[in-house]
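Just below is one structure, and these are the notes that go with it.
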Amino acid sequence: MQVHTALLFVLLLVFVLLPDDVSTRGGRGGGGRSGGRSGGSRGGSRGGGSRGRFRSTTRRSGPKITKFTPIKAKSARSPVIVRQTRIGSRSQLFTGVVAGYFLHRYLLSNAPVYRVGFPVYGSYVKVPTNRAVRLSSEEERLLDTNGDFCLGKSSQKRSLRRGIDGNLVELYTTLTYKARENTTEFHGVNNTVSLEDIKEKGFVVTTRARYNVIIVDDSRCTQVEKKVEGTMVQMYETNPNGAS
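Under mature numbering (1 follows the signal peptide of the UniProt record, and there is no 0), the letters of the sequence shown match residues -24 to -1, 1 to 220, in that order.
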């Protein structure tokens, strides 16, 4: 009887403990699978991070500067190379058309730049070697014998009468250096006005031609006045920053 009772007790104990043991093993197994997935996820994350860190970037470089690349003007004093300049012609000392009043201020991007020299109605302005001048403005006026506007401030271009060259009685030219504010005077036709070497400094050249006849039809005009302002700048043969 005691043996039978003990056997029943053992069977009952096995029956009670068996589900807990299976559940425990299943939980461990599930945890293992979950851990595997988690580990895979972490591995994938590390892999993605690695790819992100090693992603290459492309940098854009500016245009290559050669010895013939123009120097960009950042101010009126910016230097130039020879290819950015022109030589003014002596054959253009006198123009055939003049406005009653005209004032043009140049932008840096389109300002005329001269080397050697340039004409200003009746006079030729000479530029020193290795220098150029960048014009900032040009102004012209038609005047009567009293020096007053003869056509008002009309910007319309008017043709000068032909054959008036022999009636030119006076050509008066002045040169002013802005830094010093002193003025030099020149008299006579076809004068050569030589600029001093005033690198990066400004100047003004004004000419006034006086005739003894009316020079524009249906007007009282007897004088032409022309004024130019500019800055002397350094001129290089080629771009000093360019590749050889």
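Idealized CB from N, CA, C, for every residue including glycine.
If you're wondering where the values come from, they're calculated on a predicted model, not measured in any experiment.
Discussion item. Residue 139 and residue 93 - do their beta-carbons sit closer together than 7 Å?
Written reply: It is not a contact, given that the beta carbons lie outside the stated cut-off.
Worksheet entry | Reduced DSSP category for residue 164 - H, G, I as helix; E, B as strand; rest coil | Three-state result, residue 164: coil.
Worksheet item: Among the residues of its own chain, which have a CB less than 6 Å from the CB of residue 117, if the five just before and after it don't count?
Response: These residues qualify, in order along the chain: 77 and 201.
Discussion item. Let me check understanding here. Comparing Cα to Cα, which of 160, 70 and 87 lies closest to residue 98?
Written reply: Checked all of 160, 70 and 87; the closest Cα to residue 98 is 70.
Fill in: Which listed residue (211, 134 and 186) has its alpha carbon closest to that of residue 194
Measuring from the Cα of residue 194, the nearest candidate turns out to be 134.
Discussion item. Can you check which of these residues, 196, 205, 90 and 165, is closest to residue 151 by C-alpha distance?
Written reply: Per the Cα distances, 205.
Worksheet item: Can you list, in chain order, the residues of its chain whose CB lies under 7 Å from that of residue 164, leaving out five sequence neighbours each side?
Response: Hits under 7 Å: 147.
Item to complete: With a threshold of 16 other CB atoms inside 10 Å of the CB of residue 112, please say whether the residue is buried or exposed.
Response: Per the 10 Å Cβ criterion, buried.
Worksheet item: For residue 117, does the three-state DSSP call read helix, strand or coil?
Response: Looking at residue 117 - three-state DSSP - the assignment turns out to be strand.
Discussion item. With the cut-off set at 7 Å, would you say residue 211 and residue 59 are in Cβ contact?
Written reply: Not a contact, by the Cβ cut-off of 7 Å.
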